[in-house]
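A.B. asks:
In the UniProt record's numbering, the protein residues as written are 1 to 247.
This is the structure in structure tokens:
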């Protein structure tokens, strides 16, 4: 039996306020196949979809799905189906679902798919119940089939962060890309496995900033040996000039 989505209050957020701003550098660029893009713009649309779903931290060539891209280019699937394929891909599952608890994964997907922050913990709980009872595929289908997604992005538009900037505010909402890659619980698991993230820079590698004594000795031996070989080569060249040595 499928549980209905738990109701939650819709508090006032930026994207729910009507505005009449003049587009500027801070406004999101909208990528949609409804604009009849050429080949170059199609590449930009696909890249924008990857950037929205995977974020800059995970935007690697190895995570691209060429088959999905080919289907989108040939109009066999819509942008919404392309987004669905990325969310259900093995790379997204491994990099985001498996290393996050349900609550954090829900917050992340609401940001990237619906283009807004969750309203409160009750909404996080509501979507977490869907994720726990129907799995990641049922959760993704519920997000992409929701009236909110269809009304704002439809079939052909790549999701974007809605109304991050308000003209009457000195500072707008922080971009979703600022969200840490891992949650605190996953960081605790990595620490329990012996990883130390307390130090940074050279201290993270060598503690006091210097390599261990054994490593320094090995480096000294390699340096001396290299100097001897180089000096021998130079000496052999000089002797060959005078005919004292044939090389």
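Just so it is clear, CB atoms sit at the ideal spot from N, CA and C, and this is done for glycine as well.
Counting Cβ pairs closer than 8 Å, one from the stretch 99–117 and one from the stretch 58–71, do we hit at least three?
C.D. replies: The stretch 99–117, when compared against the stretch 58–71, does not touch it at the 8 Å Cβ threshold.
A.B. asks: Checking the sheet assignment: what are the DSSP bridge partners for residue 32?
C.D. replies: Counting from 1 along the chain shown, the entry for residue 32 is found at position 32. Paired residue(s): 157.
A.B. asks: Can you give me the Cβ contacts of residue 31 inside the same chain, cut-off strictly under 6 Å, excluding the 5 residues immediately before and after it?
C.D. replies: Taking the first residue of the chain shown as 1, we reach residue 31 at position 31. So the qualifying residues of the chain are 45, 48 and 158.
A.B. asks: Spatial neighbours of residue 86 within its chain, please: C-beta separation below 8 Å, excluding the five flanking residues on both sides.
C.D. replies: Taking the chain shown and counting its residues from 1, one reaches residue 86 at position 86. Excluding sequence neighbours, residue 86 sits near 49, 50, 53, 54, 65, 68 and 92.
A.B. asks: Mapping DSSP to helix, strand and coil, what is residue 234?
C.D. replies: In the chain shown, counting from the first residue as 1, residue 234 sits at position 234. Helix at residue 234.
A.B. asks: Grab me the residues of residue 72's own chain with a C-beta within less than 6 Å of its C-beta, minus the 5 sequence neighbours each way, in chain order.
C.D. replies: Here the question's residue 72 lines up with position 72 in the chain shown. Answer for residue 72: 82, listed in chain order.
A.B. asks: Could you spell out where the alpha helix (DSSP H) holding residue 113 opens and where it closes?
C.D. replies: Your numbering for residue 113 matches position 113 in the chain shown. Premise fails: residue 113 is in no alpha helix (DSSP H) and is neither H nor E.
A.B. asks: Residue 141 to residue 213, Cα distance in whole Å?
C.D. replies: Position 141 of the chain shown holds residue 141. Position 213 of the chain shown holds residue 213. Looking at the two C-alpha atoms, the distance is approximately 57 Å.
A.B. asks: Please name the residue in 190, 235 and 227 whose C-alpha comes closest to that of residue 99.
C.D. replies: Here residue 99 corresponds to residue number 99 of the chain shown, with the count starting at 1. With distances taken between Cα atoms, residue 99 lies closest to 190.
A.B. asks: For the alpha helix (DSSP H) containing residue 194, list its first residue and its last residue.
C.D. replies: In the chain shown, counting from the first residue as 1, residue 194 sits at position 194. That residue, residue 194, is in no alpha helix (DSSP H); it is neither H nor E in DSSP.
A.B. asks: Can you tell me the Cα-Cα spacing of residue 89 and residue 76, whole angstroms?
C.D. replies: Position 89 of the chain shown holds residue 89. Position 76 of the chain shown holds residue 76. Each residue's alpha carbon lies about 18 Å from the other.
A.B. asks: For residue 229, which of helix, strand or coil comes out of DSSP?
C.D. replies: What you label residue 229 is simply residue 229 of the chain shown in a count that begins at 1. Three-state result, residue 229: helix.
A.B. asks: Compute the beta-carbon to beta-carbon distance between residue 33 and residue 156, rounded to the nearest angstrom, for a pair I have assumed lies under 8 Å.
C.D. replies: By 1-based counting over the chain shown, the position of residue 33 is 33. By 1-based counting over the chain shown, the position of residue 156 is 156. Indeed they touch by this definition, with Cβ atoms about 4 Å apart.
A.B. asks: Which residues in the same chain as residue 204 place their Cβ atom closer than 7 Å to its Cβ, once the five residues preceding and following it in sequence are excluded?
C.D. replies: In the chain shown, the residue the question calls residue 204 occupies position 204. At residue 204 the pLDDT is 48, less than 50, meaning the model places this residue with poor confidence and gives no usable figure here.
A.B. asks: Helix, strand or coil for residue 46 per DSSP?
C.D. replies: As a position in the chain shown, residue 46 is number 46, starting the count at 1. Helix, per DSSP.
A.B. asks: At what residues does the alpha helix (DSSP H) containing residue 122 begin and finish?
C.D. replies: Here the question's residue 122 lines up with position 122 in the chain shown. Start and end: 121–144.
A.B. asks: For residue 245, collect the residues of the same chain with a Cβ closer than 8 Å to its Cβ; drop the 5 residues on either side in sequence, then sort them by chain order.
C.D. replies: For the purposes of this step, residue 245 is taken as residue 245 along the chain shown, with counting starting at 1. The residues are 236 and 239.
A.B. asks: Going by C-alpha distance, which of 234, 161, 227 and 225 is nearest residue 29?
C.D. replies: Within the chain shown, the letter at position 29 stands for residue 29. Selected option, being the one with the closest Cα: 161.
A.B. asks: Could you have a look at residue 202 and say whether DSSP puts it in helix, strand or coil?
C.D. replies: Counting from one through the chain shown, the residue named residue 202 turns up at place 202. In this prediction, residue 202 has a pLDDT of 47, which is less than 50 and means its spatial position is unreliable; nothing more can be read from the coordinates.
A.B. asks: State the start and end residues of the unbroken alpha helix (DSSP H) segment that holds residue 149.
C.D. replies: To locate residue 149, count along the chain shown from 1; it is residue 149. Where residue 149 is concerned, the enclosing alpha helix (DSSP H) stretches over 147–152.
A.B. asks: Could you check the C-alpha separation between residue 241 and residue 215 for me, to the nearest Å?
C.D. replies: Along the chain shown, read from residue 1 onward, the residue named residue 241 stands at position 241. Along the chain shown, read from residue 1 onward, the residue named residue 215 stands at position 215. Near 40 Å, if we compare the C-alpha coordinates of residue 215 and residue 241.
A.B. asks: Leaving out the 5 sequence neighbours to the left and right, which residues in its chain are closer than 7 Å to residue 148 when beta-carbon positions are compared?
C.D. replies: Along the chain shown, one-based indexing puts residue 148 at 148. Closer than 7 Å at Cβ, skipping near neighbours: 114.
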